[in-house]
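> Chains A and B supply the protein sequences, listed in that same order. Residue numbering for the first sequence is 550 to 929, as defined by my numbering. Residue numbering for the second sequence is 550 to 929, as defined by my numbering.
Protein chains: 2
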Amino acid sequence: MKNIFSGEFKIGILGGGQLGKMLLQKAHDFNLHIAVLDPSANAPCRNLCNRFVQGDFKDFNTVYNFGKDLDLITIEFEDVNVEALEALEREGKQVYPQPAVLRIIQNKGSQKSFYQQHKIPTSPFVLIKNRDDIAQADIDFPVFQKLLTSGYDGYGVQFLENKNTLQKAFDAPSVLEQSVDLEKELSVIVARNAKGEVAHFPPVEMEFNPEANMVAYLFSPAGISPETEKKAVSIARTIVEKMKMVGLLAVEMFLSKKGELLVNEVAPRPHNSGHQSIEGNSTSQYEQHLRAILNLPIGNTAIIQPSVMVNLLGEKGYRGKAIYEGVEEVLKIDGAHIHLYGKYETRPFRKMGHVSIVAPSLEEAKMKAKKVKSALKVIA
Amino acid sequence: MKNIFSGEFKIGILGGGQLGKMLLQKAHDFNLHIAVLDPSANAPCRNLCNRFVQGDFKDFNTVYNFGKDLDLITIEFEDVNVEALEALEREGKQVYPQPAVLRIIQNKGSQKSFYQQHKIPTSPFVLIKNRDDIAQADIDFPVFQKLLTSGYDGYGVQFLENKNTLQKAFDAPSVLEQSVDLEKELSVIVARNAKGEVAHFPPVEMEFNPEANMVAYLFSPAGISPETEKKAVSIARTIVEKMKMVGLLAVEMFLSKKGELLVNEVAPRPHNSGHQSIEGNSTSQYEQHLRAILNLPIGNTAIIQPSVMVNLLGEKGYRGKAIYEGVEEVLKIDGAHIHLYGKYETRPFRKMGHVSIVAPSLEEAKMKAKKVKSALKVIA
Numbered sequence: 550m551k552n553i554f555s556g557e558f559k560i561g562i563l564g565g566g567q568l569g570k571m572l573l574q575k576a577h578d579f580n581l582h583i584a585v586l587d588p589s590a591n592a593p594c595r596n597l598c599n600r601f602v603q604g605d606f607k608d609f610n611t612v613y614n615f616g617k618d619l620d621l622i623t624i625e626f627e628d629v630n631v632e633a634l635e636a637l638e639r640e641g642k643q644v645y646p647q648p649a650v651l652r653i654i655q656n657k658g659s660q661k662s663f664y665q666q667h668k669i670p671t672s673p674f675v676l677i678k679n680r681d682d683i684a685q686a687d688i689d690f691p692v693f694q695k696l697l698t699s700g701y702d703g704y705g706v707q708f709l710e711n712k713n714t715l716q717k718a719f720d721a722p723s724v725l726e727q728s729v730d731l732e733k734e735l736s737v738i739v740a741r742n743a744k745g746e747v748a749h750f751p752p753v754e755m756e757f758n759p760e761a762n763m764v765a766y767l768f769s770p771a772g773i774s775p776e777t778e779k780k781a782v783s784i785a786r787t788i789v790e791k792m793k794m795v796g797l798l799a800v801e802m803f804l805s806k807k808g809e810l811l812v813n814e815v816a817p818r819p820h821n822s823g824h825q826s827i828e829g830n831s832t833s834q835y836e837q838h839l840r841a842i843l844n845l846p847i848g849n850t851a852i853i854q855p856s857v858m859v860n861l862l863g864e865k866g867y868r869g870k871a872i873y874e875g876v877e878e879v880l881k882i883d884g885a886h887i888h889l890y891g892k893y894e895t896r897p898f899r900k901m902g903h904v905s906i907v908a909p910s911l912e913e914a915k916m917k918a919k920k921v922k923s924a925l926k927v928i929a
Numbered sequence: 550m551k552n553i554f555s556g557e558f559k560i561g562i563l564g565g566g567q568l569g570k571m572l573l574q575k576a577h578d579f580n581l582h583i584a585v586l587d588p589s590a591n592a593p594c595r596n597l598c599n600r601f602v603q604g605d606f607k608d609f610n611t612v613y614n615f616g617k618d619l620d621l622i623t624i625e626f627e628d629v630n631v632e633a634l635e636a637l638e639r640e641g642k643q644v645y646p647q648p649a650v651l652r653i654i655q656n657k658g659s660q661k662s663f664y665q666q667h668k669i670p671t672s673p674f675v676l677i678k679n680r681d682d683i684a685q686a687d688i689d690f691p692v693f694q695k696l697l698t699s700g701y702d703g704y705g706v707q708f709l710e711n712k713n714t715l716q717k718a719f720d721a722p723s724v725l726e727q728s729v730d731l732e733k734e735l736s737v738i739v740a741r742n743a744k745g746e747v748a749h750f751p752p753v754e755m756e757f758n759p760e761a762n763m764v765a766y767l768f769s770p771a772g773i774s775p776e777t778e779k780k781a782v783s784i785a786r787t788i789v790e791k792m793k794m795v796g797l798l799a800v801e802m803f804l805s806k807k808g809e810l811l812v813n814e815v816a817p818r819p820h821n822s823g824h825q826s827i828e829g830n831s832t833s834q835y836e837q838h839l840r841a842i843l844n845l846p847i848g849n850t851a852i853i854q855p856s857v858m859v860n861l862l863g864e865k866g867y868r869g870k871a872i873y874e875g876v877e878e879v880l881k882i883d884g885a886h887i888h889l890y891g892k893y894e895t896r897p898f899r900k901m902g903h904v905s906i907v908a909p910s911l912e913e914a915k916m917k918a919k920k921v922k923s924a925l926k927v928i929a
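1) Once the 5 residues before and after V729/A are set aside, which same chain residues still bring their CB inside 7 angstroms of it?
2) Run through chain B and tell me which residues come within less than 7 angstroms of A871/A, C-beta to C-beta.
3) Can a CB atom of chain B be found closer than 9 angstroms to the CB of E877/A?
4) Can you find the residues in the same chain that come closer than 7 angstroms, C-beta to C-beta, to F609/B, ignoring five residues on each side of it along the sequence?
5) By Cβ distance, which residues of its chain are closer than 7 angstroms to P648/B, with the 5 residues on each side in sequence left out?
6) For a test of the three-state rule: what should DSSP assign to S723/B, helix, strand or coil?
7) Under the three-state reduction of DSSP, which class applies to S826/A: helix, strand or coil?
8) What in chain B is Cβ-close to K570/A, meaning under 8 angstroms?
9) Using Cβ-Cβ distances below 7 angstroms, what residues of the segment 879-909 of chain A are close to chain B?
10) For K678/B versus V724/B, is the C-beta distance shorter than 9 angstroms?
11) In the structure shown, what three-state DSSP assignment does M792/A receive?
12) Along the chain, where does the alpha helix (DSSP H) that runs through F510/A open and close?
13) Going by DSSP, what residue range makes up the alpha helix (DSSP H) through N679/A?
14) Are the beta-carbon atoms belonging to P846/A and L880/B less than 9 angstroms from one another?
15) Do we get a CB-CB distance below 9 angstroms when we pair A851/B with the residues of chain A?
16) How about G569/B and D587/B: are their beta carbons less than 9 angstroms apart?
17) What residues from the segment 635-658 of chain A come within 7 angstroms of chain B, judged by C-beta to C-beta, listed N to C?
18) Is the shortest distance between the beta-carbon of G848/B and the beta-carbons of chain A less than 9 angstroms?
19) Do we get a CB-CB distance below 9 angstroms when we pair R840/B with the residues of chain A?
20) Give every residue of the same chain whose Cβ lies closer than 8 angstroms to the Cβ of A684/B, excluding the five residues on either side of it in the sequence, and list them in chain order.
21) If you draw a straight line from the alpha carbon of K976/A to that of I553/A, how long is it in whole angstroms?
22) For L797/B, which residues does DSSP report across the bridge?
23) Cβ atoms of Y873/B and L889/B: under 9 angstroms apart, would you say?
24) Where does A633/B fall in DSSP's three states?
25) Is it true that the CB of K617/A sits closer than 9 angstroms to the CB of K657/A?
26) Where DSSP assigns a beta bridge to F601/A, which residues make up the other side?
27) Exposed or buried, S826/B, counting other C-beta atoms within 10 Å across all chains shown (16 or more means buried)?
28) What is the C-beta distance between G891/A and P593/A, in whole angstroms, given that I count them as a contact (C-beta under 8 angstroms)?
29) Measure the beta-carbon distance from I887/B to H820/B and round it to whole angstroms, keeping in mind my assumption that it falls under 8 angstroms.
30) Taking the alpha helix (DSSP H) that T611/A belongs to, which residues open and close that run?
31) Comparing C-alpha positions only, which one of G829/B, L709/B, K807/B and H749/B sits nearest to K906/B?
32) Under 9 angstroms, CB to CB, which of the residues in the segment 710-741 of chain A have a partner in chain B?
33) Would you kindly check if the distance between the Cβ of L798/A and the Cβ of A740/A is under 9 angstroms?
34) My output table needs one value for K900/B: the three-state DSSP class, helix, strand or coil.
35) Taking the straight line between their C-alpha atoms, what separation do you get for V927/B and L735/A?
36) Using 10 angstroms around the beta-carbon of S774/A, count the other beta-carbons present and answer buried if the total reaches 16, otherwise exposed.
Listed below in structure tokens is the structure:
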């Protein structure tokens, strides 16, 4: 057995973005040996890892060759070459999350079918092959049409009010998902290690930027009843257990105006809805992911202080080498913790960083978050 | 003016050990461009910086050449080539802490004289040239003899009970310092930026390993009266202001059984007595050092939760490639945060890592710290 903490045990991450970067910042506390594969020479992870490999994580040979000298392979982005991960798994490498889990999650159709099969509440849906199928679809409008693969952060998603708005529709295999009369959106992050230990983070509440369809604010804890919290946690734990997944799973849910909880989608890795855990919770989601994939004891997830996370998105109208305005203003705010991802170029709504604000009360954190939001800009 | 947060502004650190490593872990949140100079190819900083240069930080040319393309040079170890830093400062580089401050601090004689000159309480002392001076020295025994330069972590320090124990004495320029009847040892870390903003961390209490003469435990906050706290803080702030220093200054003090506070020594950089601030305080000492040297607003230093820091020293009797025992036990303890420094080789009492334990009460943190201490070992 190779010693994990002496750098003999070699770990690889597919993807070198901000999630990988924050994972690496923590990984250094455990003296882990980590290699990173990313297509961009300027990836945020480039200066924090033991070895950086520039290459395409969607290409079989690139992923296979990257993984074959490693002991464990993980991801920070799920749209990777699963065939290569399956080959590596067959050869005895540890691959977490498991390729079988990625197969379910990568395809929005199989993800929805998984929920249906395991009686996990999700909004009604139908699978369609192309645009022509929409008119005959047995579903109440309005719907969201979601491409089966490659959709994230609002890409590959289209809102269809009724059957007269089909000209906007994608002409490709997709899921039609009944729109939910939304009270709020929640996320519960769960972790599971190979021993089967499971722990969840207290649910958080997400507020979206309607134009970018990306998380603008995150509130921890979520403003929900104890019953809703209990139900949300139970759903998240059920999914990770039914999938027998090893690693971190972020479960995004809709809370409808009627009080129903419906799973929207899941991500098998550290997630935007867990950034606040770095300063706000006893164990961060990044440390928890490492604990889970390395089969170490799962950490305590208790909230230390309420927190608000503000996503720092590239300003509209700017493209090019990133310039950060208002950092000093943010540094004057007690309890505000700034995280710049180090992406070389900005573009409208690109995730360039985040700020977590911790405070004795959520109200105070929210007030400070407003100040952060108005002070901090990424331009070019 | 170069943009600090866009990686245009280039920073260098002399020294690539654990203090530099923890500084870099935080620096990545600010997207800073940092180069590191260290004599060891295996230095803990090697995989976290933008550029790693292997070289001797005590050599004029090495330091000068390292610094000449940078905008700002700082240190994580004060025993560096000051002449080179002075040359760089003359050429317009920012050097923080300033070379003039390093001159005072590097020499234990000028450090003591500085305290005397500015009426900062410190134990009585005399300066001597060699062993023969000791018999005539106008000082009450017992004393600590400290070599003027190159002493740290108990190296270069000798305890002399009386004038009959002179055979143990160093035959070199040194300070004879009257021994203090010790109640406890305290540390106050202060930060000052170029605008002159000053902030202090709440005092911590250090418990030493008598054999290694190194910090074994750190308690935050210190168990002292509000009056003693006020006095300790005032002393630390006075020193940083009198030195007009920019950066972080750790002020180690003796609290005598009579209740006197006496400055022992200072370190112009992040310090072992501030490790707990990563998890225990609103701003960590590492972030504070960055804020200070970059002339950014000085951060809030409030204690979030009481904490205990346990130094992880190499076990006696082991030398060679480090192996960490008991990590899993520590990971089961709520609130315990492990930091392995990633040093390749262990040796007796070498600082190999630390664990900070935060808890709602210091008593609880102390109980958990005992468990950590007995579980975690570095062997070879």
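Heads up, the beta-carbon is just placed ideally off N, CA and C, and yes, glycines get one too. Computed from a prediction, not measured in an experiment: that's the story for all the values here.
On the basis of the coordinates in this document:
1) Within the same chain, Cβ atoms closer than 7 angstroms to the Cβ of V729/A are found at S672, F803, S805 and L811, the five residues on either side in sequence being excluded.
2) The contacting residues are S555.
3) Yes, because at least one Cβ of chain B sits closer than 9 angstroms to the Cβ of E877/A.
4) The residues N630, E632 and A633, in chain order, have a CB closer than 7 angstroms to that of F609/B in the same chain once the five nearest residues on each side in sequence are set aside.
5) Same-chain partners within the cutoff: V631, L634, E635 and E638.
6) In the three-state DSSP reduction, S723/B falls in the strand class (E or B).
7) Helix.
8) Against K570/A, the close residues of chain B are H577, in the order they occur along the chain (beta-carbon pairs closer than 8 angstroms).
9) Cβ contacts with chain B come from L880, K881, D883, G884, I887, H888, L889 and G891.
10) In this structure, V724/B does not lie closer than 9 angstroms to K678/B by Cβ.
11) It is coil, neither helix nor strand.
12) This structure gives no information on residue 510/A, because the portion of chain A shown stretches from 550 to 929.
13) It is not in any alpha helix (DSSP H) - N679/A carries neither H nor E in the DSSP assignment.
14) Going by C-beta atoms, P846/A is nearer than 9 angstroms to L880/B.
15) By this cut-off, A851/B is an interface position.
16) Against a cut-off of 9 angstroms, the Cβ pair of D587/B and G569/B comes out as a contact.
17) Cβ contacts with chain B: none found.
18) Chain A, which has a Cβ nearer than 9 angstroms to the Cβ of G848/B, makes this yes.
19) Yes, R840/B counts as interfacial toward chain A.
20) Once the five neighbours on either side are set aside, the close Cβ partners of A684/B are K712 and L715.
21) Past the boundaries of the shown model lies residue 976/A; chain A is included only from 550 to 929, so the question cannot be answered.
22) Partner(s): A740/B.
23) Against a cut-off of 9 angstroms, the Cβ pair of Y873/B and L889/B comes out as a contact.
24) Three-state DSSP puts A633/B in a helix.
25) No, these two residues do not count as a Cβ contact at 9 angstroms.
26) When DSSP reads this structure, F601/A sits in a beta bridge with V585/A.
27) S826/B counts as buried, since at least 16 other C-beta atoms from the protein chains shown sit within 10 angstroms of its C-beta.
28) Contact between G891/A and P593/A holds, with the beta-carbon distance rounding to 5 angstroms and staying under 8 angstroms.
29) About 20 angstroms separates the two Cβ atoms, so there is no contact after all.
30) Counting along the chain, the alpha helix (DSSP H) containing T611/A begins and ends at F609 to G616.
31) According to the sequence provided, residue 906/B is Ile. The question's Lys does not apply to it. The residue with the shortest Cα to Cα distance from I906/B is G829/B.
32) Within the segment 710-741 of chain A, no residue has a Cβ that lies closer than 9 angstroms to any Cβ of chain B.
33) Yes, the Cβ-Cβ distance between A740/A and L798/A is below 9 angstroms.
34) In the structure shown, K900/B adopts extended strand secondary structure according to DSSP, grouped into three states.
35) Their Cα atoms are separated by approximately 43 angstroms.
36) Exposed, since its Cβ has fewer than 16 Cβ neighbours within 10 Å.
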